[in-house]
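Numbering (full-length UniProt numbering), first residue to last: 1 to 99.
Think of the CB as a built atom: it goes at the ideal place given N, C-alpha and C, for glycine as much as any other residue.
Let me begin by presenting the structure, written as structure tokens, before commenting on it.
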């Protein structure tokens with residue numbers, strides 16, 4: 001378990017000891033499964049990125065800031081706003097689909 005997550009759980013001493021024992025057991029089992037190269041990759045891997053489960057969710061379980069909004073289309077771009085795409089760039093607007 002990542003240390004920042006364990007720190008937020010406010011574990012008592014027994015829970016901390018149990019978690020440490022569990023982590024030691026998991027580490028031992030992974031070492032039996034992975035090659036030494038795979039184990040090194042696993043240890044240096046960061047958190048998952050992309051569109052998997054939980055993507056687009058904020059830590060509290062709601063949508064991230066800047067994510068999809070309820071109540072209709074975004075402002076900006078061809079559907080409304082200033083026509084600038086809402087991005088503050090020189091990027092042209094997306095063409096309209098034929099009706």
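Under 6 Å Cβ to Cβ from residue i, same chain only, skipping five residues before and after it: list those, please.
{"i": "residue 24", "result": "none"}
Once the 5 residues before and after residue i are set aside, which same chain residues still bring their CB inside 8 Å of it?
{"i": "residue 30", "result": "39 and 42"}
With residue i as the anchor, note down where its alpha helix (DSSP H) starts and where it stops.
{"i": "residue 38", "result": "36–44"}
{"i": "residue 93", "result": "First-last for residue 93: undefined, no H or E at that position."}
{"i": "residue 7", "result": "3–8"}
Going by Cα to Cα distance, which pick from the options is closest to residue i?
{"i": "residue 26", "options": "7, 36, 44 and 1", "result": "1"}
{"i": "residue 47", "options": "4, 32, 36 and 37", "result": "4"}
Mapping DSSP to helix, strand and coil, what is residue i?
{"i": "residue 22", "result": "helix"}
{"i": "residue 49", "result": "coil"}
{"i": "residue 30", "result": "helix"}
Under 7 Å Cβ to Cβ from residue i, same chain only, skipping five residues before and after it: list those, please.
{"i": "residue 34", "result": "42"}
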